[in-house]
Amino acid sequence: MKIGILTDSTCDLPQKLIDEYNIHIIPLTLRIGEEQYKDRKEINSDQFLNRIKQSDVMPTTSQPSVGEFEALYKELNKDYDHVISMHLSSHLSGTVHSAQLALKENPEFNITVIDSKTASMGLGFLDILAAKLIAKGLELEKIVKILKRARRDIEIYLTVDNLSFFEKGGRISKAGSFIGDLINLKPILKLDFDSKAVEPMDKARGRKNTHKKLLELVEKYITKDKGNKEEYWFGFVHGELKYTTTFKKMYQNKIDNLSFGCKYYQNTVGAVIGSHTGPTVYGVVLFKGGKYLNEQF
Amino acid sequence: MEQNEEFKIIDDKTFKDMCYGALNKLKEQQSYIDSLNVFPVPDGDTGTNMLLTLQEAVENLDKSKSKRIDKLTQALSKGALMGARGNSGVILSQLLRGLSEANKGNQVMDSQDIIHSLSRASKIAYQGVLRPVEGTILTVARKAAERAEELEETKDIEKILNEVIQAAHTALNKTPEQLPQLKEAGVVDAGGQGYLIILKGMLAGLTGKIEIVEEEEIKKTVTEQGEAEELKYGYCTQTLIEVKDRDVDINEIKEDIEQFGDSMMVVGDDDIIKIHIHTDHPGIILEYALKTGSLRDITIDNMRIQSAEMRKESEKQQQQEFEQIKEESQEKIVKNKKTTQMNKKIGIIAVAKGNGIKNILLELGVDLIIDGGQSMNPSTNDFVEAVKEIKQEKIIIFPNNKNIISAAKQAKSLSDKEVSIIETRTIPEAIAALLIFNDQKELDELKTIMEKETKQVKTIEITNAVKDSKVNGFKIDQEDVIGIVNGTIKAVGDDELDVIEELIDKEWECEDLITIYYGDGADFKEAEKIKDKFQEFSKDVEIEIYEGGQPLYPYIISLE
Chain Y
668 MKIGILTDST CDLPQKLIDE YNIHIIPLTL RIGEEQYKDR KEINSDQFLN
718 RIKQSDVMPT TSQPSVGEFE ALYKELNKDY DHVISMHLSS HLSGTVHSAQ
768 LALKENPEFN ITVIDSKTAS MGLGFLDILA AKLIAKGLEL EKIVKILKRA
818 RRDIEIYLTV DNLSFFEKGG RISKAGSFIG DLINLKPILK LDFDSKAVEP
868 MDKARGRKNT HKKLLELVEK YITKDKGNKE EYWFGFVHGE LKYTTTFKKM
918 YQNKIDNLSF GCKYYQNTVG AVIGSHTGPT VYGVVLFKGG KYLNEQF
Chain U
229 MEQNEEFKII DDKTFKDMCY GALNKLKEQQ SYIDSLNVFP VPDGDTGTNM
279 LLTLQEAVEN LDKSKSKRID KLTQALSKGA LMGARGNSGV ILSQLLRGLS
329 EANKGNQVMD SQDIIHSLSR ASKIAYQGVL RPVEGTILTV ARKAAERAEE
379 LEETKDIEKI LNEVIQAAHT ALNKTPEQLP QLKEAGVVDA GGQGYLIILK
429 GMLAGLTGKI EIVEEEEIKK TVTEQGEAEE LKYGYCTQTL IEVKDRDVDI
479 NEIKEDIEQF GDSMMVVGDD DIIKIHIHTD HPGIILEYAL KTGSLRDITI
529 DNMRIQSAEM RKESEKQQQQ EFEQIKEESQ EKIVKNKKTT QMNKKIGIIA
579 VAKGNGIKNI LLELGVDLII DGGQSMNPST NDFVEAVKEI KQEKIIIFPN
629 NKNIISAAKQ AKSLSDKEVS IIETRTIPEA IAALLIFNDQ KELDELKTIM
679 EKETKQVKTI EITNAVKDSK VNGFKIDQED VIGIVNGTIK AVGDDELDVI
729 EELIDKEWEC EDLITIYYGD GADFKEAEKI KDKFQEFSKD VEIEIYEGGQ
779 PLYPYIISLE
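Residue numbers (this note's numbering), protein chains in the order written: chain Y, 668 to 964; chain U, 229 to 788.
Here it is, written out as structure tokens:
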């Protein structure tokens, strides 16, 4: 049985990996004023970051339409016996909903829709895991089962200089006066399986403290599951690089000093994710990839 | 009373006289004791703190209707306990507790009780201090007690007190030998001096004698200027404005009238503003003031026809008046409207001065702020009331000044609630600690992690010397700019920016978050110059500027 993978443009995986694992992508749409772009196809990360620097207009985004899904599903079903269609969390976008509707209208499609309950490279990690499980020759049902369990284990922690993009986009849980007006505090935000939106979980003054707190969260993730001897996957996603060089070094240093197997992935956020976080974002994506890849049944 | 009569018994009336005597003497010598402070900063002064403490003690004594010495000493001790301000005030309250303990069950006091009182006072005071230091009030109290203990056979209380005073005096004169800082500054210990004065006052109260010449007479620190200096502006113009529009901004008024003269002072609040300025155009000033509200208490003096002395006197008086108005316009207690509605387990109290700093603390989750700091140490009672005021049963206190910690600790021992004192000595330490506050944690654990956090912060404070002195190898002249790092004077100069530059050079260990809180006597533009200075040393450093509004310290700068 030939199984294919469809994800969406918010997976924030480098193109090299997309090609390597033969992952298909359906784009979300980005709007800046009158202009409209298909994410990853018509605008890449660098173009996006440049674009928002020049404009005061807040970008908006929209999910792929049901029609777009239908067309793509039809196409993919020609090449694959079955397609796993995995998308960014239904709490953050209607993409999963569009996918489900497309399938409902066309029950003959061989498609399984999975709500990743994550976003950005968290979704990307699930895509890679799916590709590797397929390559191992596992059965569809098993793969879907593993993916559904694995998504519970993905944690994303990120920070931004200010919450203006998040607030305009509305993908952040309302924590009232979480961040002060009088003194500059950097929020530490979380997205995991249980998040109904991106959640403010902590705050810090200054970059150094922010970095310290992010690294503490990485440490916490590692020590949470002491029994795990399998490979960890560490992601680093960011907006403009100038905000991130120090942290990147600290993060890589931490990973280099771990005694167990690790994989490190890095990428700039795509236009759609970036339009909700703003250009100052950077964060870590944590996942025990090896554990789910080598799970014994 | 006959001249040669011996004093063998102290009854209620005599005891009260002794306390009044002590209070009067202390009042007289308050400024002198203040001037003994080694640190030339406008600090919570020893003389002021001891006086305020004794004042509340005596007020409480006056409230007692009892004629028994045990009840009266108890009332005195209770009053001192609640009124204790500053380290010296807290130690004084401990001394008075010793007095009260020594007189349990006593209807009157005899010579034995006096000896016992002095010795108990010394013991309790030592116990109350975590790490007793010799060469301080503690030593003076101990030497006084030791001398008293040798006089067991003596029945005459006057004689005992005379001997004790002599011993205390000798001990006091030796304090510079015990504490190098005192020697360097060329002073005796201020707290010890205060205790000696209290003992002398008690003796005066006992005998009814008033001494005339005192070596502690206030030394004039300012030399009188003989010649009248050239006056730039002729008219000292003052008025009170009853404000009509509540949104009036004092800083705006300052900026507007500044151009018309010098020696400007503008203070006040939403209701009333006082303006003082030396100008050649009193009319313009009054016309301007009229726009803000209705005027009263207008005075215009032609300074050119006043004598230099008169002028000085009236300027001094005005200065005091201004300080008072300023003090009154500060609310004693500010409660956090937002957090009082929240369901928090732990309440947070902080001591602060300056509206900017207060608002930042409130935003970071402080539930109640007690107005106070360098220039005004809150009393134990202020803390006790604040602890009561807060609904939570678990409470954290940030004293934010080394001289306030002891009063907070005393309040903790008086409270039924679970109180934990985070021993912060500066505002930036509290801000750092607040950021790791976690309502779910136990107080002990919070104290540990918060105090660890405060050690990550270096605080620079910039102020002006209030007197000439020698500290830390620096020869400091009055009005010099002093740069203090974590409580120690590290730089002295004429110019704020130069002093700060020197401190950056000496003290900055590449901490990458710099926060500048500017207060009275500074503004945003000036603060930006400091920012530029830091940036000359490093491009990478993050620098934030906030209006702190704190008095006396133009800049508080944190490096973390």
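For glycine and all other residues, C-beta sits at the position ideal for the given N, C-alpha and C. Values in this document were obtained by computation on a predicted structure and should not be read as measured data.
task = Could you spell out where the alpha helix (DSSP H) holding valine 713/U opens and where it closes?
result = For the purposes of this step, residue 713/U is taken as residue 485 along the second sequence, with counting starting at 1. Taken as a continuous stretch (DSSP letters only), valine 713/U belongs to no alpha helix (DSSP H), being part of the beta strand (DSSP E) at 709 to 713.
request  = Would you mind working out which of Thr281/U, Ala658/U, Gly433/U, Thr568/U sits nearest aspartate 595/U, comparing C-alpha positions?
outcome  = Here residue 595/U refers to the residue found at position 367 when the second sequence is read from its first residue. The shortest Cα separation from aspartate 595/U among Thr281/U, Ala658/U, Gly433/U, Thr568/U belongs to Thr568/U.
inquiry  = With a threshold of 7 Å between beta carbons, is isoleucine 855/Y in contact with chain U?
reply    = For the purposes of this step, residue 855/Y is taken as the residue at position 188 of the first sequence. No, isoleucine 855/Y does not count as interfacial toward chain U.
message = Residues in the same chain with beta-carbon distance under 7 Å from alanine 250/U, minus the five sequence neighbours each way, listed in chain order, please.
response = As a position in the second sequence, residue 250/U is number 22, starting the count at 1. Closer than 7 Å at the Cβ level, and outside the excluded window around alanine 250/U, lie Leu282, Ile426, Gly429, Met430, Gly433.
query = I think alanine 798/Y touches isoleucine 690/Y, with their Cβ atoms under 8 Å apart; what is that distance to the nearest whole Å?
reply = The sequence position of residue 798/Y within the first sequence is 131, counting from 1. The sequence position of residue 690/Y within the first sequence is 23, counting from 1. Taking C-beta atoms under 8 Å as the contact rule, alanine 798/Y and isoleucine 690/Y qualify, at a distance of about 6 Å.
task = Taking isoleucine 664/U as part of the alpha helix (DSSP H), name the residues at either end of that continuous run.
result = Counted from its first residue, the second sequence places residue 664/U at position 436. That residue, isoleucine 664/U, is in no alpha helix (DSSP H); it is neither H nor E in DSSP.
inquiry  = List, in chain order, every chain Y residue whose beta-carbon is nearer than 9 Å to that of glutamate 788/U.
reply    = Working through the second sequence from its first residue, we reach residue 788/U at position 560. Near glutamate 788/U (Cβ distances below 9 Å), the residues of chain Y are Arg872, Gly873, Lys875, Asn876.
ask   = According to DSSP, is glutamate 455/U helix, strand or coil?
value = Your numbering for residue 455/U matches position 227 in the second sequence. Residue placement at glutamate 455/U is poorly supported in this model, since its pLDDT is 37, which falls under 50; the coordinates still yield a value, given next. Three-state result, glutamate 455/U: coil.
request  = Alpha carbon to alpha carbon, how far is methionine 246/U from glutamate 234/U? Give it in angstroms, no decimals.
outcome  = As a first step, residue 234/U must be located in the second sequence, where it is residue number 6. As a first step, residue 246/U must be located in the second sequence, where it is residue number 18. About 16 Å.
message = So, does the segment 502 to 509 of chain U touch the segment 460 to 471 of chain U, judging by three or more C-beta pairs under 8 Å?
response = yes
inquiry  = My output table needs one value for serine 844/Y: the three-state DSSP class, helix, strand or coil.
reply    = On the first sequence, residue 844/Y is found 177 positions in, with the first residue counted as 1. Caution is warranted here: a pLDDT of 41 is assigned to serine 844/Y, below 50, making its placement in the model unreliable, and the coordinate value is therefore given only provisionally. The answer is coil: DSSP assigns serine 844/Y none of H, G, I, E or B.
ask   = Which of the three DSSP states, helix, strand or coil, is assigned to aspartate 529/U?
value = Within the second sequence, residue 529/U is the residue found at index 301, counting from 1. It is a strand residue.
message = Comparing C-alpha positions only, which one of Asn773/Y, Arg874/Y, Ser756/Y sits nearest to serine 862/Y?
response = For the purposes of this step, residue 862/Y is taken as residue 195 along the first sequence, with counting starting at 1. The candidate whose alpha carbon is nearest that of serine 862/Y is Ser756/Y.
key: Interfacial residues, the segment 730 to 741 of chain U to chain Y, with Cβ spacing under 9 Å   = Hits within the stretch, in order: Glu739, Asp740, Leu741.
key: Contacts that tyrosine 774/U makes with chain Y (C-beta to C-beta distance below 8 Å)   = The count along the second sequence starts at 1 and reaches residue 774/U at position 546. Here the neighbours are Leu849, Ile850.
query = What in chain Y is Cβ-close to glutamate 770/U, meaning under 7 Å?
reply = Taking the second sequence and counting its residues from 1, one reaches residue 770/U at position 542. Residues of chain Y passing the Cβ test: Gly873, Arg874.
message = For the segment 645 to 668 of chain U, list every residue whose C-beta sits within 7 Å of some C-beta in chain Y, in sequence order.
response = Leu663
message = Give me the DSSP bridge partner(s) of serine 648/U.
response = Stepping through the second sequence from its first residue, residue 648/U is reached at position 420. In the DSSP secondary-structure assignment, serine 648/U is bridged to Ile624/U.
ask   = Beta carbon of threonine 652/U, beta carbon of phenylalanine 611/U: below 7 Å?
value = Your numbering for residue 652/U matches position 424 in the second sequence. Your numbering for residue 611/U matches position 383 in the second sequence. Not a contact, by the Cβ cut-off of 7 Å.
ask   = Looking at the unbroken alpha helix (DSSP H) that takes in alanine 755/U, where does it start and where does it end?
value = If you number the second sequence from 1, residue 755/U lands on position 527. Element bounds for alanine 755/U: 752 to 765.
key: Same chain only: Cβ atoms within 7 Å of lysine 915/Y, ignoring 5 sequence neighbours per side   = Mapped onto the first sequence, residue 915/Y falls at position 248. Around lysine 915/Y: Phe903.
ask   = What residue does the beta strand (DSSP E) around lysine 371/U start on, and which one ends it?
value = One-based indexing of the second sequence puts residue 371/U at position 143. First-last for lysine 371/U: 365 to 377, but that is the alpha helix (DSSP H), not the beta strand (DSSP E).
task = Return the residue from the list Asn920/Y, His905/Y, Asp923/Y that minimises the CA-CA distance to aspartate 679/Y.
result = Numbered from its first residue, the first sequence carries residue 679/Y at position 12. Here the closest residue by C-alpha is His905/Y.
task = Please classify lysine 586/U: is it buried, with 16 or more other beta-carbons within 10 angstroms of its beta-carbon, or exposed?
result = For the purposes of this step, residue 586/U is identified with residue 358 of the second sequence, where counting begins at 1. Under this definition lysine 586/U is a buried residue.
ask   = Going by the CB atoms, is the gap between leucine 410/U and aspartate 417/U shorter than 7 Å?
value = Within the second sequence, the letter at position 189 stands for residue 417/U. Within the second sequence, the letter at position 182 stands for residue 410/U. Their beta carbons are under 7 Å apart, which means aspartate 417/U touches leucine 410/U by this criterion.
query = For tryptophan 900/Y, which residues does DSSP report across the bridge?
reply = If you number the first sequence from 1, residue 900/Y lands on position 233. Bridge partners of tryptophan 900/Y: Lys930/Y, Phe954/Y.
inquiry  = For alanine 308/U and aspartate 239/U, what's the separation of their Cα atoms in angstroms?
reply    = Translated into positions along the second sequence, residue 308/U becomes position 80. Translated into positions along the second sequence, residue 239/U becomes position 11. Near 21 Å, if we compare the C-alpha coordinates of aspartate 239/U and alanine 308/U.
request  = Would you grab the beta carbon distance between valine 357/U and leucine 366/U for me? Rounded to a whole angstrom, and I think it's under 8 Å.
outcome  = Residue 357/U sits at position 129 when you count from the first residue of the second sequence. Residue 366/U sits at position 138 when you count from the first residue of the second sequence. Valine 357/U to leucine 366/U, Cβ: 7 Å. Contact.
ask   = Below 7 Å between beta carbons: does that hold for valine 727/U and glycine 711/U?
value = Locating residue 727/U in the second sequence gives position 499, where the first residue counts as 1. Locating residue 711/U in the second sequence gives position 483, where the first residue counts as 1. Against a cut-off of 7 Å, the Cβ pair of glycine 711/U and valine 727/U comes out as a contact.
ask   = Taking the C-alpha atoms as reference points, what is the distance between leucine 725/U and isoleucine 744/U?
value = Sequence index remark: in the second sequence, residue 725/U carries index 497 (1-based). Sequence index remark: in the second sequence, residue 744/U carries index 516 (1-based). When the Cα atoms are used, leucine 725/U and isoleucine 744/U turn out to be separated by approximately 13 Å.
task = Please classify asparagine 961/Y: does DSSP put it in a helix, a strand, or coil?
result = Within the first sequence, residue 961/Y is the residue found at index 294, counting from 1. Asparagine 961/Y: coil per DSSP, three-state reduction.
message = On the DSSP bridge list, what partners appear for asparagine 700/U?
response = Reading the second sequence from its first residue, position 472 is the one you call residue 700/U. DSSP output for asparagine 700/U lists no bridge partner at all.
query = Under a three-way DSSP split, which group does proline 408/U fall into?
reply = Counted from its first residue, the second sequence places residue 408/U at position 180. It is helical.
request  = Let me know the secondary structure DSSP gives alanine 871/Y once reduced to three states.
outcome  = To locate residue 871/Y, count along the first sequence from 1; it is residue 204. In the three-state DSSP reduction, alanine 871/Y falls in the strand class (E or B).
message = Pairs of beta-carbons, one from the segment 803 to 819 of chain Y and one from the segment 924 to 939 of chain Y, closer than 8 Å: are there three or more?
response = no
message = Counting C-beta neighbours from all protein chains within 10 Å, is the total for lysine 986/Y 16 or more, i.e. buried, or is it exposed?
response = Lying before the first or after the last residue shown, residue 986/Y is absent from chain Y, which here runs from 668 to 964.
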